[in-house]
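One rule links them: number in my numbering = place in the sequence shown (from 1) + 899.
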Amino acid sequence: MSGTPTTAGLATFTIQVADNVGNKSVAGFSVIITPASQGPFGHIVIVLEENTDYLSVVGTTAMPYLNTLISQYGLATQYYATTHPSIGNYMDLTTGQILTNDDSQTPATFPVSVDNVVRELLAAGKTWKAYGEGLPSVGYTGGDIGNFAIRHYPLAYMTDVQNSQAQLQNLVPFTQFATDLAAGNLPNYSWVTPNLCDDAHDCPLSTADTWLQTNIDPLIKNPSFQKDGLLIVVFDESGSDNTNGGGRVVCVLISPASSKVAFQSTTLYQHPSVLRLTLEGLGVKNLPGAAVSAPPMWEFFTFPAP
900 MSGTPTTAGL ATFTIQVADN VGNKSVAGFS VIITPASQGP FGHIVIVLEE
950 NTDYLSVVGT TAMPYLNTLI SQYGLATQYY ATTHPSIGNY MDLTTGQILT
1000 NDDSQTPATF PVSVDNVVRE LLAAGKTWKA YGEGLPSVGY TGGDIGNFAI
1050 RHYPLAYMTD VQNSQAQLQN LVPFTQFATD LAAGNLPNYS WVTPNLCDDA
1100 HDCPLSTADT WLQTNIDPLI KNPSFQKDGL LIVVFDESGS DNTNGGGRVV
1150 CVLISPASSK VAFQSTTLYQ HPSVLRLTLE GLGVKNLPGA AVSAPPMWEF
1200 FTFPAP
């Protein structure tokens, strides 16, 4: 069999068969090869922080490292969480739907079968992992343990994950993040859940800020990530505001290669816009839930909207 490349995505093959008396038969056929869709980013990392008003962070001394990132990259100044309390916001960021406002739900009591970010990433041939600080073991889908809150770890709720031994292997302790980064093995999509202290839920903002500088700054400075990466640091909900459902919160978008410098948007965004960005940014075309109609966030970047 011989093959001849032709136009992009098309290959022509010729098969020749001969018997033991010299009779020959030749057949040709073409195969259309559809590559995995490509977006402007090769790696997207989303880090969730907790329960803090926008004005408690931006322009204050509470989070100096995050404010340094704001001064260099992009800030959505009119970004609003969708609901209260936490779990509905986490669901909205991954399914485009609130689904529940009951923070006591676990993956066992509330398995999520609606369309979601994992399903669409897999359908598009993309890789993913959810890094949980304090996650006790790979594939863990149990309840809260220590400073780890399962309600802040939404991908464990997805039936696409729960019902697949292969996908359960992508639920990993946060200690794996530095290992994957150093080895050049970060997936296309990374979800990062700090523990209840390091996400500012139970500890001061300064603790969360130090955690970001220690654990996430190496990502921003990583040469591979600088070529094609996008980091999103977003708070799940406001601590004392109900505007637009969950109050005004901080959302910072950081792309070393593509961010407009010190860009501040006044467009009203909510969590489905981040879901849309994380998928379309990787070239994924099908969007779950409200992400389909959510305002796109391309204004933060130097390239034209794809």
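Backbone N, C-alpha and C define an ideal beta-carbon position, used for all residues, glycine too.
Identify the residues that DSSP records as bridge partners of Q1028: which are they?
Looking at the sequence itself, residue 1028 is Lys, so the reference to Gln does not match. Its beta-bridge partners are S1089.
What does DSSP give as the partner residue(s) for Y1168 in the beta ladder?
Y978
For the beta strand (DSSP E) containing G1145, name the first residue and the last one.
Careful: G1145 lies outside any beta strand (DSSP E) and carries neither H nor E.
In the DSSP output, which residue or residues are listed as bridge partners for L1130?
V944 and I1153
Pull up the distance between the alpha-carbon of Y1039 and that of A980, whole angstroms please.
27 Å
Note down, in chain order, each residue of its chain lying with its Cβ closer than 8 Å to the Cβ of T951, except the 5 sequence neighbours on either side.
A1099, L1104, F1134, S1137, G1138, V1148 and V1149
With 8 Å set as the bound, which would you pick, yes or no: does the beta-carbon of V957 sit closer than that to a beta-carbon of chain D?
Here chain D cannot be found, since the structure has a single protein chain.
Are A1156 and K1126 closer than 8 Å when you measure CB to CB?
yes
Note down the Cα distance separating A1077 from T976, rounded to an integer number of angstroms.
30 Å
Verify whether the separation of the beta carbon atoms of S1172 and P1187 is less than 8 Å.
no
Below 8 Å on the Cβ atoms is my contact criterion, and I expect A1029 with L1067 to pass it. Report the Cβ-Cβ distance as a whole number of Å.
Not a contact, Cβ separation roughly 10 Å.
Ends of the alpha helix (DSSP H) at P939?
Element bounds for P939: n/a, residue is neither H nor E.
Provide the residue span of the beta strand (DSSP E) that contains L1070, from first to last.
L1070 to P1072
In angstroms, rounded to a whole number, what distance separates the CA positions of N1143 and T982?
8 Å
Nearest to V1060 (by Cα), restricted to the options L992, T1005 and V1011:
V1011
Within 10 Å of its beta-carbon, does L954 have 16 or more other beta-carbons around it, so buried, or fewer, so exposed?
exposed
Backbone secondary structure at M1196 - three-state DSSP
coil
Taking the straight line between their C-alpha atoms, what separation do you get for G1042 and D1116?
30 Å
How about L1181 and Y972: are their beta carbons less than 8 Å apart?
no
From S1164 to T999, what distance separates their C-alpha atoms?
30 Å
If L1129 sits next to G995, beta carbons under 8 Å apart, how far is it from one beta carbon to the other, in whole angstroms?
Actually they do not touch by this definition, with Cβ atoms about 19 Å apart.
Which of the three DSSP states is assigned to M1057 in this structure?
strand
Straight-line Cα distance separating P1122 from L1111
18 Å
With which residues is I969 paired in a DSSP beta bridge?
Answer is none; I969 lacks a bridge partner.
Quick one: Cα of V1191 to Cα of V1037, how far?
32 Å
Straight-line CA distance for Y964 to D1108?
6 Å
Cβ neighbour criterion (16 or more within 10 Å) applied to A1161:
exposed
Per DSSP, which one or two residues make a beta bridge with I1044?
F1047
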